[in-house]
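This report concerns only the one structure given below.
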Amino acid sequence: MELFDEFPSLGRTDLRDLKKGIDLSFREFSRANGEAIENFFDPLMFFMVWFEKLLIATPWPIMIFIFAGLAWLGARSVWVVVGTVVSFFMIGFFGMWEDTMATVAIISVATFLCIGLGIPLGILMARSDRLQTIITPVLDIMQTIPSFVYLIPVVMLLGIGKVPGLIAVCIYAIPPIVRLTNLGIRLVDKEVLEAADAFGASPRQKLWDVQIPLALPNIFAGVNQTIMMALAMVVIASMIGVKGLGVPVLRAVSNQYLALGLMNGLAIVALAIIFDRVSQEYGKRLQKHRQGGHGA
Amino acid sequence: MPKIKVSIKNLYKIFGSNDKAMVQHVENGLSKAELLNKHKHVLGLSNVNIDIPARKIQVIMGLSGSGKSTLIRHLNRLIEPTAGQVLVDGEDVLAMSDDQLREFRRTKMSMVFQKFALLPHRTVIDNVSFGLKIKGLSVAEQHERSKKWIDRVGLTGFEDNYPAQLSGGMQQRVGLARALATDADILLMDEAFSALDPLIRNDMQDILLKLQDELHKTIIFITHDLDEALRIGDDIVILRDGAVIQQGSPQEIVLDPVDDYVRDFIKDINRARVLDVASVMEDGSATSDLQIEAGTILEEALPMMSDADVKDATVVRDGTAIGMVTLADMIGGIARPKRHEDEEEITYR
């Protein structure tokens, strides 16, 4: 009955050796390749440093004007623009301007990186059922595994700084854009695709003239989700040396500074709401044509 | 003998994993139901042979599930057949490479769909331009040509509207214009007017017939509606369970249905609108002076006779008398034919 009472587990020493083996071999790997990998990401790091400096160095009235302009281009709504201007003014007024600019910088870069990688990946996934069955569980893992767990190998490989922070943010934020691109393309009306075939469209013409435009509402929902999830990672990213609004929040947590935590937290919320409204309104405007009624 | 544009030879389509092996069973006479029960394969088309004449409207009709939509998709190879040949102008569509097939679809054959299948994010003019864009024409040229066809289907003024802003009939006009814009000489129409309400459907048939008077395309028109088939078809093929039951002109189908399936089909139609005087005339000469053109349908010939107050008339073609027709002939033509007495009552389905 021993088998019944005791779980047939690996022996204590075996288990320790196994863990040690994995740790040592990864350490070995990072020692051997860490520098090469770091060099590979150097251009990205220089760009991020440059972009952050640019946002901080630009005089604040010009920045607010640029944000207001982008909000107008995206949402075409006076209220969203007014909200944007007031929010950024308050952020500056309460002394969080530099941290906010740093956060905006990393969120923008992370979002563009996620879009640049995620949409093509989603398209590939939509074209191959086999690829979908491979990628879907990987995305599940990326979304559910605690962020700290993948921070360990990332930090071991690349140390502390902007690039590992960016990678951590992207791992967490990229799944929605991949999933929704895949879904959007798979949901494209079969009759319309058949029509494209009947008129002799090549696969590329089908992709650009039919599939992507018809999938755009879903792709856009994915972009929106990706931005939101990137913002949610700001605090965790600050733990591995990313500047921004996460740093004071972290300080507030360890020192019990209520006001500091609240203010910076609210600044993150303000950014989230602005990004969300602007991107959603833009997405809605893209599909105006779906509404009936005469006269465009 | 008219020129044959499209020729379908021994075409089989069987849906299932081992379709090629099933052809043998079907050739040996296994029915659709037996094939499904014994081998779990669905019979789509069974030994279809049709010669489609150039510059005419060929109607293919049957009830749902008869394989008509499957058949039309073989002509531009949206569906690959299990066995058989499709020749267009003598060229085997099934032997074409991907590139050849694309070129063929861009230039020779275009298609109109039951549910319109328009691009919702494009305006009317850009939808009509779709085939031209795929061909690689410049935007200016696309719009110039498209405008002409938009005008021809009566949608001038709606160029910049989106499909969602148009009614079903107008959307299908866009679909028709899109198909015509590529200048393909073969037009496939898959239940193109079936989703429209009856009055709009009539309008669309009028538009199609008017355009055909000028364009003389080879049109292959799928429908389940016999009135529509009789109205627009120069020649009709009737499909049942994937096999051709009868092929002939509307007059032949109505006057000489090949079996009870077809007889059932035609029993409720307005025969006076299909049959012309030539189809019911007899030899001899008429007692009256009234002359009726051979192609006149009975619906129009009957009031001519009652207006002239005569009981018979001479049937003329190109000015020469070819026979005579009496009121009794015409009424006999309109009356629903009885079943042949020596034929047993067949029940099916």
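Heads up: the sequence lines are chains A and B, in that order.
The end of the first sequence is residue 386 by the numbering used here, with every number in the run present.
The end of the second sequence is residue 529 by the numbering used here, with every number in the run present.
We put the CB at the ideal spot given by N, CA and C, even for glycine.
Model, not experiment: these values are computed from the prediction.
Does the beta carbon of residue i come closer than 8 Å to any beta carbon on chain A?
i        : result
B/His301 : yes
B/Phe310 : yes
B/Lys295 : yes
B/Glu462 : no
B/Met384 : no
B/Met291 : yes
B/Thr527 : Because B/Thr527 carries a pLDDT of 48, less than 50, the predicted location of this residue cannot be relied on, and no value is offered for it.
B/Glu523 : In this prediction, B/Glu523 has a pLDDT of 48, which is less than 50 and means its spatial position is unreliable; nothing more can be read from the coordinates.
Using CA coordinates, which residue listed in the options is at the minimum distance from residue i?
i        : options                                : result
B/Gly173 : B/Gln352, B/Ile425, B/Glu473, B/Val438 : Any property of residue 173 of chain B remains undetermined from this structure, which presents chain B solely from 181 to 529.
A/Arg121 : A/Arg220, A/Val244, A/Leu207           : A/Val244
A/Gln377 : A/Val175, A/Thr148, A/Ala311, A/Phe116 : A/Ala311
B/Met276 : B/Met291, B/Ser290, B/Glu260           : B/Glu260
B/His221 : B/Lys236, B/Gln238, B/Ile237, B/Val203 : B/Val203
A/Ile317 : A/Val168, A/Ile205, A/Val332, A/Thr103 : A/Ile205
B/Leu455 : B/Thr476, B/Gln471, B/Gly464, B/Lys328 : B/Thr476
B/Ala515 : B/Ala375, B/Val490, B/Arg453, B/Asp489 : B/Arg453
B/Gln345 : A/Leu105, A/Gly101, A/Leu108, A/Arg380 : A/Arg380
A/Gly173 : A/Gly159, A/Gly185, A/Phe184           : A/Gly159
B/His301 : A/Leu306, A/Ile235, A/Ile197           : A/Leu306
B/Ser374 : B/Ile402, B/Lys397, B/Ala361           : B/Ile402
B/Val424 : B/Pro182, B/Leu191, B/Phe296           : B/Leu191
B/Val417 : B/Pro182, B/Val228, B/Asn208, B/Glu214 : B/Val228
B/Leu478 : B/Phe195, B/Ala466, B/Gln431           : B/Gln431
A/Val324 : A/Asp104, A/Pro133, A/Ile197, A/Ile152 : A/Ile197
A/Phe131 : A/Ser344, A/Lys252, A/Ile358           : A/Lys252
A/Leu361 : A/Pro303, A/Met191, A/Ala200, A/Ala258 : A/Met191
With a cut-off of 8 Å, does the C-beta of residue i fall near any C-beta of chain B?
i        : result
A/Ser344 : no
A/Glu284 : yes
A/Leu304 : yes
A/Glu281 : yes
A/Arg375 : no
How should residue i be labelled, buried or exposed, when 16 other C-beta atoms within 10 angstroms of its C-beta is the threshold for buried?
i        : result
B/Asp436 : exposed
B/Ser309 : buried
B/Gly224 : buried
A/Gly111 : exposed
A/Ser177 : buried
B/Lys212 : buried
B/Ala488 : exposed
B/Gly270 : exposed
B/Ser226 : buried
B/Lys185 : buried
A/Arg220 : exposed
I want to verify the contact list: residues of chain A whose CB lies under 8 Å from the CB of residue i, in sequence order.
i        : result
B/Glu283 : Gly290
DSSP three-state label for residue i, please.
i        : result
A/Arg102 : helix
A/Gly251 : coil
B/Asp363 : coil
A/Asn314 : helix
B/Glu371 : coil
B/Phe401 : strand
A/Ala165 : helix
A/Lys378 : helix
A/Tyr262 : helix
B/Ala493 : strand
B/Gln427 : strand
A/Lys143 : helix
A/Thr271 : helix
A/Tyr240 : helix
B/Gly264 : strand
A/Phe137 : helix
B/Glu479 : helix
List the residues of chain B that residue i touches, going by C-beta distances under 8 Å, in chain order.
i        : result
A/Asp287 : Leu258, Arg285
Name the chain B residues whose beta carbon is nearer than 7 Å to that of residue i?
i        : result
A/Arg380 : Pro300, Ala344
Under 9 Å between beta-carbons, which chain A residues line up against residue i? List them in chain order, please.
i        : result
B/Thr362 : Phe289, Gly290
B/Met369 : The premise fails here: B/Met369 is roughly 12 Å from chain A at the closest Cβ pair, so nothing lies under 9 Å.
B/Ile314 : Ala286, Phe289, Gly290, Ala291, Ser292, Gln295, Asp299
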